[in-house]
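A short worksheet on the structure shown next.
Numbering (the working numbering), first residue to last: 221 to 695.
Following this line, the structure appears as structure tokens:
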């Protein structure tokens with residue numbers, strides 16, 4: 221064991237020395253100053269300063285202290301530039317997007333099994349192939365075809381919440397996952413007990429608890445991925461990645477096998493992203509627009525990305541929207557009044573004659589803006605996915621070293637159905653007092669709200685009857 225520890229230490233020291241020497245050489249190539257930076261330590265730079273949990277708060281604090289919206293850090297020889305404003309992000313990531321289209325290597329997420337996924341791909345032909353696949357399938361016009369699926373699943377989800385309000389968060393997750401499973405894989409509407417729901421949940425848990433992207437010790441020193449299990453602490457990101465790999469693999473393989481079996485048996489798999497790409501693969505076509513050769517791994521990776529990104533984003537935003545309505549009763553009442561004007565007759569608030577649809581959206585601008593506000597109030601990826609510059613750049617005299625339509629629609633239709641038929645109210649404890657609401661977010665690639673207590677009460681007997689009429693067969 222001692223020999224292994226010594227060997228691991230030597231590998232770390234050699235890697236760190238290489239990074240430091242390389243950093244010095246590249247720094248000498250430019251006389252421009254780096255962006256403002258808080259004090260760091262010798263050799264290791266800002267390794268100890270950047271928090272592992274919720275680093276975005278530290279970035280905001282340093283930005284205010286240094287009066288800048290662009291920060292620079294050196295972590296073990298790796299250059300990191302943090303953009304703390306919309307203007308800086310637009311100036312570099314949008315206006316100079318060609319130079320910032322690359323990403324650092326996500327060694328930890330690769331170990332989990334997310335190697336062939338757009339979010340984690342480096343710039344190149346494979347990145348362009350996956351981007352074309354997903355952009356073609358999810359343009360603002362293309363996603364309108366999924367609205368009937370979202371509406372029927374939303375009505376069913378709120379009906380389930382009415383029946384068992386204590387499980388509301390799980391049922392919201394079932395809605396979000398069922399929608400993306402139908403869109404990505406063509407799988408029929410899934411019940412909460414569906415093995416595919418469990419499969420997606422396991423993969424989602426693995427991904428959202430993987431920590432800040434490209435910020436683990438494994439990302440800085442990829443050689444650490446080869447450490448033996450007995451030398452890896454159970455709570456470490458490396459151990460988490462190894463435990464997560466079967467869940468990610470199952471999400472890639474299970475739905476693919478089901479789709480292929482349906483097509484080969486002549487059962488005619490339902491229309492889906494995966495079926496479209498499977499047919500393109502068998503026809504010998506590239507991934508849309510001649511972006512490159514399409515492989516089974518590409519289709520699995522792209523469909524898996526849809527499931528994780530779409531499902532988790534929708535679920536987390538619904539939970540945040542419920543939290544915001546719970547904490548802002550005045551806003552909830554105003555949104556309900558707007559819904560009543562569209563869905564109720566004879567000025568009878570809380571007694572809708574039908575459930576909302578996407579055709580009502582233009583007449584519900586306040587509710588639509590409430591959903592948009594949730595994205596601003598609590599962004600699900602507060603530090604974003606790291607980018608890497610292809611070549612050294614200059615911005616404001618500083619040297620820059622080299623190196624959501626579908627979800628919004630789903631949140632809108634769920635919240636419209638929920639607010640039209642139910643009141644979102646504080647949960648009352650056994651002592652008869654309202655349980656205080658706390659606001660917290662998880663830490664990871666895509667964060668989600670911490671658990672909080674809430675209750676749902678039908679607004680009227682008529683509203684309750686509308687929800688009771690929604691059946692499993694409707695989806």
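In this text, a Cβ means the ideal position worked out from N, Cα and C, and glycines have one as well.
Since we're looking at a predicted model, the values are computed, not measured.
DSSP state of residue i mapped onto helix, strand, coil
{"i": "residue 376", "result": "helix"}
{"i": "residue 311", "result": "helix"}
{"i": "residue 390", "result": "helix"}
{"i": "residue 558", "result": "helix"}
{"i": "residue 475", "result": "helix"}
{"i": "residue 675", "result": "strand"}
{"i": "residue 669", "result": "strand"}
{"i": "residue 360", "result": "coil"}
{"i": "residue 275", "result": "helix"}
{"i": "residue 572", "result": "strand"}
{"i": "residue 527", "result": "helix"}
Alpha carbon of residue i to alpha carbon of residue j, nearest angstrom
{"i": "residue 441", "j": "residue 266", "result": "16 Å"}
{"i": "residue 523", "j": "residue 517", "result": "10 Å"}
{"i": "residue 537", "j": "residue 595", "result": "7 Å"}
{"i": "residue 378", "j": "residue 264", "result": "52 Å"}
{"i": "residue 577", "j": "residue 371", "result": "7 Å"}
{"i": "residue 448", "j": "residue 648", "result": "49 Å"}
{"i": "residue 479", "j": "residue 485", "result": "10 Å"}
{"i": "residue 242", "j": "residue 297", "result": "With a pLDDT of only 46 at residue 242, under 50, the local geometry of the prediction cannot be trusted, and the value read off the model is given with reservation. So the alpha carbons of these two residues sit roughly 8 Å apart."}
{"i": "residue 556", "j": "residue 584", "result": "10 Å"}
{"i": "residue 374", "j": "residue 637", "result": "7 Å"}
{"i": "residue 435", "j": "residue 271", "result": "10 Å"}
{"i": "residue 529", "j": "residue 461", "result": "18 Å"}
{"i": "residue 404", "j": "residue 652", "result": "45 Å"}
{"i": "residue 252", "j": "residue 293", "result": "16 Å"}
{"i": "residue 359", "j": "residue 453", "result": "44 Å"}
{"i": "residue 367", "j": "residue 389", "result": "22 Å"}
{"i": "residue 281", "j": "residue 273", "result": "15 Å"}
{"i": "residue 229", "j": "residue 331", "result": "Low per-residue confidence applies at residue 229: pLDDT is 46, beneath 50, and the placement is therefore not dependable enough to give any value."}
{"i": "residue 395", "j": "residue 361", "result": "22 Å"}
{"i": "residue 682", "j": "residue 561", "result": "16 Å"}
{"i": "residue 397", "j": "residue 654", "result": "31 Å"}
{"i": "residue 575", "j": "residue 369", "result": "15 Å"}
{"i": "residue 684", "j": "residue 640", "result": "10 Å"}
{"i": "residue 543", "j": "residue 277", "result": "21 Å"}
{"i": "residue 515", "j": "residue 342", "result": "18 Å"}
{"i": "residue 554", "j": "residue 473", "result": "46 Å"}
{"i": "residue 259", "j": "residue 357", "result": "46 Å"}
{"i": "residue 287", "j": "residue 599", "result": "23 Å"}
{"i": "residue 322", "j": "residue 443", "result": "22 Å"}
{"i": "residue 413", "j": "residue 351", "result": "33 Å"}
{"i": "residue 306", "j": "residue 481", "result": "47 Å"}
{"i": "residue 198", "j": "residue 365", "result": "Outside the displayed span of the chain (221 to 695) sits residue 198, for which this structure offers no information."}
{"i": "residue 579", "j": "residue 411", "result": "27 Å"}
Counterpart residues of residue i in DSSP-defined beta bridges
{"i": "residue 590", "result": "Residue 590 is not bridged to any residue."}
{"i": "residue 303", "result": "290"}
{"i": "residue 265", "result": "261, 295"}
{"i": "residue 644", "result": "676"}
{"i": "residue 654", "result": "648"}
{"i": "residue 219", "result": "Lying before the first or after the last residue shown, residue 219 is absent from the chain, which here runs from 221 to 695."}
Whole-Å CB distance - residue i paired with residue j, under 8 Å assumed
{"i": "residue 644", "j": "residue 545", "result": "5 Å"}
{"i": "residue 211", "j": "residue 400", "result": "Nothing can be reported for residue 211: it is not among the residues displayed for the chain, which extend from 221 to 695."}
{"i": "residue 382", "j": "residue 676", "result": "7 Å"}
{"i": "residue 310", "j": "residue 283", "result": "Not really, about 17 Å apart at Cβ, beyond 8 Å."}
{"i": "residue 426", "j": "residue 467", "result": "5 Å"}
{"i": "residue 629", "j": "residue 363", "result": "7 Å"}
{"i": "residue 674", "j": "residue 392", "result": "Their Cβ separation, rounded to whole angstroms, is 11 Å, which puts residue 674 and residue 392 out of contact at 8 Å."}
{"i": "residue 423", "j": "residue 376", "result": "Their Cβ separation, rounded to whole angstroms, is 23 Å, which puts residue 423 and residue 376 out of contact at 8 Å."}
Residue j beta carbon less than 8 Å from that of residue i
{"i": "residue 727", "j": "residue 531", "result": "Absent from the structure is residue 727, since the part of the chain shown begins at 221 and ends at 695."}
{"i": "residue 587", "j": "residue 559", "result": "yes"}
{"i": "residue 255", "j": "residue 313", "result": "no"}
{"i": "residue 539", "j": "residue 669", "result": "yes"}
{"i": "residue 333", "j": "residue 469", "result": "yes"}
{"i": "residue 491", "j": "residue 406", "result": "yes"}
{"i": "residue 572", "j": "residue 686", "result": "yes"}
{"i": "residue 631", "j": "residue 591", "result": "yes"}
{"i": "residue 346", "j": "residue 497", "result": "no"}
{"i": "residue 581", "j": "residue 642", "result": "no"}
{"i": "residue 458", "j": "residue 438", "result": "yes"}
{"i": "residue 690", "j": "residue 547", "result": "no"}
{"i": "residue 646", "j": "residue 432", "result": "no"}
{"i": "residue 627", "j": "residue 533", "result": "yes"}
Any non-hydrogen atom of the ligand ADP within 7 Å of residue i CB
{"i": "residue 353", "result": "As presented, the structure is devoid of all ligands, the ligand ADP included, so that no description of it is given."}
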